[in-house]
Amino acid sequence: MVPNHKIERRPRGRPQARCDEDTRSVIIEAANKQFHENGYATASIAAIAQEAGVSTKTLYRLFPTKADLFSDLISDRIGRFLLALDPTTLAAADLRQGLERMLMAYGMLTLSEDTITMMRLVIGESDRFPEIAASFYENAIVRTNALMEGWLRKQVDRGVIALADPHAACGMLRGMMAMEPQRAAMLRQQPAPGIEEIAARAKMCADLFMNGAAVVPS
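Below you can see the structure in the form of C-alpha coordinates.
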(Lines of atoms letter the chains of each structure in order from A and count residues from 1; the text may use other names and numbers.)
(Lines give C-alpha, C1' and ligand atoms only; values in the text may rest on other atoms or scores of the structure.)
Protein backbone atom coordinates (compact mmCIF):
# COMPACT_ATOMS: atom_id res chain seq x y z
CA MET A 1 0.00 0.00 0.00
CA VAL A 2 1.08 3.57 -0.63
CA PRO A 3 1.38 5.51 2.64
CA ASN A 4 -1.25 8.18 3.04
CA HIS A 5 0.84 11.25 3.77
CA LYS A 6 -1.13 14.24 4.89
CA ILE A 7 -0.35 17.43 3.06
CA GLU A 8 0.16 20.25 5.48
CA ARG A 9 -1.50 23.38 4.15
CA ARG A 10 -0.43 26.87 5.09
CA PRO A 11 -3.11 29.01 6.66
CA ARG A 12 -4.52 31.72 4.47
CA GLY A 13 -3.90 35.38 5.12
CA ARG A 14 -0.81 37.41 5.83
CA PRO A 15 2.26 35.65 7.21
CA GLN A 16 2.68 35.98 10.95
CA ALA A 17 4.59 39.12 11.88
CA ARG A 18 7.96 38.78 13.58
CA CYS A 19 8.27 39.83 17.18
CA ASP A 20 10.45 42.85 17.93
CA GLU A 21 13.28 40.69 19.27
CA ASP A 22 13.50 38.70 16.03
CA THR A 23 13.23 41.87 13.97
CA ARG A 24 16.05 43.45 15.94
CA SER A 25 18.25 40.42 15.22
CA VAL A 26 17.54 40.60 11.49
CA ILE A 27 18.29 44.34 11.44
CA ILE A 28 21.53 43.85 13.39
CA GLU A 29 22.76 41.26 10.90
CA ALA A 30 21.84 43.56 8.01
CA ALA A 31 23.68 46.44 9.70
CA ASN A 32 26.73 44.27 10.24
CA LYS A 33 26.84 43.50 6.51
CA GLN A 34 26.40 47.16 5.55
CA PHE A 35 29.01 48.41 8.01
CA HIS A 36 31.53 45.83 6.80
CA GLU A 37 30.93 46.61 3.14
CA ASN A 38 30.53 50.39 3.28
CA GLY A 39 31.91 51.63 6.61
CA TYR A 40 30.02 53.45 9.32
CA ALA A 41 29.73 56.86 7.66
CA THR A 42 28.55 55.58 4.27
CA ALA A 43 26.16 52.88 5.46
CA SER A 44 22.64 54.24 5.15
CA ILE A 45 19.65 53.45 7.30
CA ALA A 46 17.56 52.99 4.16
CA ALA A 47 20.00 50.37 2.81
CA ILE A 48 20.06 48.56 6.14
CA ALA A 49 16.26 48.53 6.29
CA GLN A 50 16.05 47.21 2.73
CA GLU A 51 18.63 44.51 3.49
CA ALA A 52 16.62 43.48 6.58
CA GLY A 53 13.30 43.56 4.73
CA VAL A 54 11.71 46.12 7.06
CA SER A 55 10.54 49.68 6.72
CA THR A 56 12.72 52.57 7.85
CA LYS A 57 9.91 53.45 10.25
CA THR A 58 10.26 50.06 11.95
CA LEU A 59 14.04 50.38 12.04
CA TYR A 60 13.91 53.84 13.62
CA ARG A 61 11.37 52.62 16.17
CA LEU A 62 13.78 49.92 17.33
CA PHE A 63 17.02 51.88 16.78
CA PRO A 64 16.45 55.66 16.97
CA THR A 65 19.96 56.48 15.64
CA LYS A 66 22.72 54.79 13.69
CA ALA A 67 24.87 54.99 16.82
CA ASP A 68 22.22 53.00 18.73
CA LEU A 69 22.28 50.37 16.00
CA PHE A 70 26.08 50.13 16.11
CA SER A 71 26.03 49.87 19.91
CA ASP A 72 23.49 47.04 19.84
CA LEU A 73 25.50 45.26 17.15
CA ILE A 74 28.57 45.24 19.41
CA SER A 75 26.48 44.20 22.42
CA ASP A 76 25.02 41.32 20.42
CA ARG A 77 28.48 40.00 19.56
CA ILE A 78 29.71 40.31 23.14
CA GLY A 79 26.52 38.66 24.37
CA ARG A 80 27.46 35.55 22.38
CA PHE A 81 30.88 35.55 24.07
CA LEU A 82 29.28 35.83 27.49
CA LEU A 83 26.94 32.93 26.69
CA ALA A 84 29.94 30.82 25.69
CA LEU A 85 31.38 31.41 29.15
CA ASP A 86 28.49 30.27 31.29
CA PRO A 87 29.45 31.06 34.93
CA THR A 88 28.11 27.73 36.20
CA THR A 89 30.24 25.77 33.73
CA LEU A 90 33.31 27.85 34.53
CA ALA A 91 32.77 27.43 38.26
CA ALA A 92 32.65 23.64 37.91
CA ALA A 93 35.89 23.50 35.88
CA ASP A 94 39.31 23.18 37.47
CA LEU A 95 41.85 25.97 37.07
CA ARG A 96 43.44 24.68 33.89
CA GLN A 97 40.16 23.77 32.20
CA GLY A 98 38.57 27.08 33.12
CA LEU A 99 41.53 29.12 31.92
CA GLU A 100 41.75 27.33 28.57
CA ARG A 101 37.99 27.56 28.07
CA MET A 102 38.03 31.27 28.79
CA LEU A 103 41.02 31.94 26.51
CA MET A 104 39.51 29.87 23.71
CA ALA A 105 36.24 31.82 23.84
CA TYR A 106 38.13 35.11 23.96
CA GLY A 107 40.27 34.06 20.99
CA MET A 108 37.22 33.01 18.96
CA LEU A 109 35.71 36.44 19.62
CA THR A 110 38.70 38.72 19.12
CA LEU A 111 40.44 36.83 16.31
CA SER A 112 37.39 36.34 14.10
CA GLU A 113 37.23 38.06 10.71
CA ASP A 114 34.07 39.81 11.86
CA THR A 115 35.73 41.40 14.90
CA ILE A 116 38.91 42.30 13.02
CA THR A 117 36.89 44.04 10.31
CA MET A 118 34.89 45.88 12.96
CA MET A 119 38.06 47.04 14.71
CA ARG A 120 39.42 48.41 11.45
CA LEU A 121 36.17 50.33 11.04
CA VAL A 122 36.28 51.74 14.59
CA ILE A 123 39.91 52.82 14.34
CA GLY A 124 39.45 54.30 10.88
CA GLU A 125 36.32 56.31 11.68
CA SER A 126 36.68 57.12 15.39
CA ASP A 127 38.02 60.64 14.75
CA ARG A 128 34.84 61.59 12.90
CA PHE A 129 32.53 59.47 15.05
CA PRO A 130 33.94 59.25 18.59
CA GLU A 131 30.68 57.66 19.74
CA ILE A 132 31.50 54.39 17.94
CA ALA A 133 34.90 54.21 19.68
CA ALA A 134 33.24 54.81 23.05
CA SER A 135 30.59 52.19 22.29
CA PHE A 136 33.17 49.60 21.24
CA TYR A 137 35.29 50.28 24.30
CA GLU A 138 32.42 50.07 26.79
CA ASN A 139 30.45 47.23 25.22
CA ALA A 140 33.33 45.07 24.02
CA ILE A 141 36.57 45.74 25.87
CA VAL A 142 35.23 46.67 29.30
CA ARG A 143 32.62 43.87 29.40
CA THR A 144 34.99 41.10 28.31
CA ASN A 145 37.66 42.32 30.70
CA ALA A 146 35.19 42.44 33.60
CA LEU A 147 34.16 38.82 33.08
CA MET A 148 37.72 37.54 32.75
CA GLU A 149 39.01 39.64 35.64
CA GLY A 150 36.15 38.46 37.85
CA TRP A 151 37.08 34.84 37.14
CA LEU A 152 40.74 35.51 37.98
CA ARG A 153 39.78 37.16 41.26
CA LYS A 154 37.75 34.09 42.22
CA GLN A 155 40.79 31.89 41.61
CA VAL A 156 42.89 34.19 43.82
CA ASP A 157 40.24 33.98 46.55
CA ARG A 158 40.30 30.18 46.24
CA GLY A 159 44.06 30.28 46.79
CA VAL A 160 44.95 28.46 43.57
CA ILE A 161 46.84 31.36 41.95
CA ALA A 162 48.70 34.36 43.32
CA LEU A 163 48.19 37.77 41.65
CA ALA A 164 49.10 41.10 43.19
CA ASP A 165 46.95 42.98 40.66
CA PRO A 166 44.25 40.86 38.95
CA HIS A 167 43.15 43.79 36.78
CA ALA A 168 46.61 44.29 35.30
CA ALA A 169 47.14 40.54 35.02
CA CYS A 170 43.90 40.20 33.08
CA GLY A 171 45.05 42.80 30.57
CA MET A 172 48.34 40.96 30.13
CA LEU A 173 46.53 37.67 29.66
CA ARG A 174 44.22 39.10 27.01
CA GLY A 175 47.16 40.72 25.23
CA MET A 176 49.16 37.50 25.25
CA MET A 177 46.23 35.62 23.75
CA ALA A 178 45.15 38.03 21.02
CA MET A 179 47.44 40.99 20.36
CA GLU A 180 50.03 39.53 17.96
CA PRO A 181 47.74 37.54 15.64
CA GLN A 182 45.05 40.23 15.77
CA ARG A 183 47.49 42.99 14.83
CA ALA A 184 48.93 40.92 11.96
CA ALA A 185 45.41 40.25 10.64
CA MET A 186 44.30 43.87 11.02
CA LEU A 187 47.29 45.02 8.97
CA ARG A 188 46.53 42.30 6.41
CA GLN A 189 49.91 40.67 6.89
CA GLN A 190 48.48 37.35 8.04
CA PRO A 191 45.05 35.72 7.74
CA ALA A 192 42.91 35.50 10.83
CA PRO A 193 43.80 32.28 12.70
CA GLY A 194 41.55 29.24 12.49
CA ILE A 195 40.04 27.23 15.33
CA GLU A 196 42.98 24.83 15.67
CA GLU A 197 45.49 27.68 15.83
CA ILE A 198 43.38 29.53 18.40
CA ALA A 199 43.09 26.37 20.52
CA ALA A 200 46.86 25.80 20.40
CA ARG A 201 47.50 29.42 21.37
CA ALA A 202 45.02 29.18 24.27
CA LYS A 203 46.88 26.12 25.56
CA MET A 204 50.26 27.83 25.29
CA CYS A 205 49.01 31.00 26.98
CA ALA A 206 47.45 28.94 29.77
CA ASP A 207 50.81 27.20 30.34
CA LEU A 208 52.72 30.48 30.53
CA PHE A 209 50.14 32.16 32.74
CA MET A 210 49.82 29.29 35.19
CA ASN A 211 53.58 29.01 35.57
CA GLY A 212 53.86 32.74 36.17
CA ALA A 213 50.93 32.93 38.57
CA ALA A 214 51.63 29.72 40.47
CA VAL A 215 51.36 29.84 44.24
CA VAL A 216 54.88 29.67 45.71
CA PRO A 217 55.01 27.35 48.74
CA SER A 218 56.01 29.23 51.90
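Here the sequence shown is numbered in the UniProt record's numbering, starting from 1 and rising by one per residue.
From the three backbone atoms N, C-alpha and C, an ideal C-beta is built for every residue, glycine too.
Remember, it's a predicted structure, so these values are computed and weren't measured experimentally.
Gln190 and Ala184 have their C-alpha atoms spaced approximately 5 angstroms apart.
Between Ala162 and Ala213, the C-beta gap is smaller than 8 angstroms, which places the two residues in contact. Its chain contains no residue whose beta carbon lies nearer than 7 angstroms to that of Gly175 once the 5 sequence neighbours on both sides are disregarded. When C-alpha distances from Leu99 are compared across Val54, Gly124, Glu149, Gly194, the shortest belongs to Glu149. If you draw a 10 Å sphere on the C-beta of Val142, you find fewer than 16 other C-beta atoms in it, and that means exposed. In this chain, the alpha helix (DSSP H) harbouring Asp72 covers 66-84. Note on Arg101: 16 or more other CB atoms within 10 angstroms of its CB, so buried under the neighbour-count rule.
One Cα belongs to Ile198, the other to Ala192, and the distance between them is close to 10 angstroms. Put simply, the backbone Cα of Asn32 is about 17 angstroms away from that of Pro64. Counting along the chain, Leu59 sits inside the alpha helix (DSSP H) bounded by residues 56-62. In this structure, Leu147 and Pro166 do not form a Cβ contact; the two beta carbons are roughly 12 angstroms apart against a cut-off of 8 angstroms. The segment 103-166 contains, as complete alpha helix (DSSP H) runs of 4+ residues, the segments 113-125, 130-136, 143-158 (chain order).
Below 8 angstroms, too few C-beta pairs join the segment 47-54 and the segment 72-92 to call them touching: fewer than three. Inter-residue distance for Ala93 and Ile45 is about 44 angstroms (C-alpha atoms, whole angstroms).
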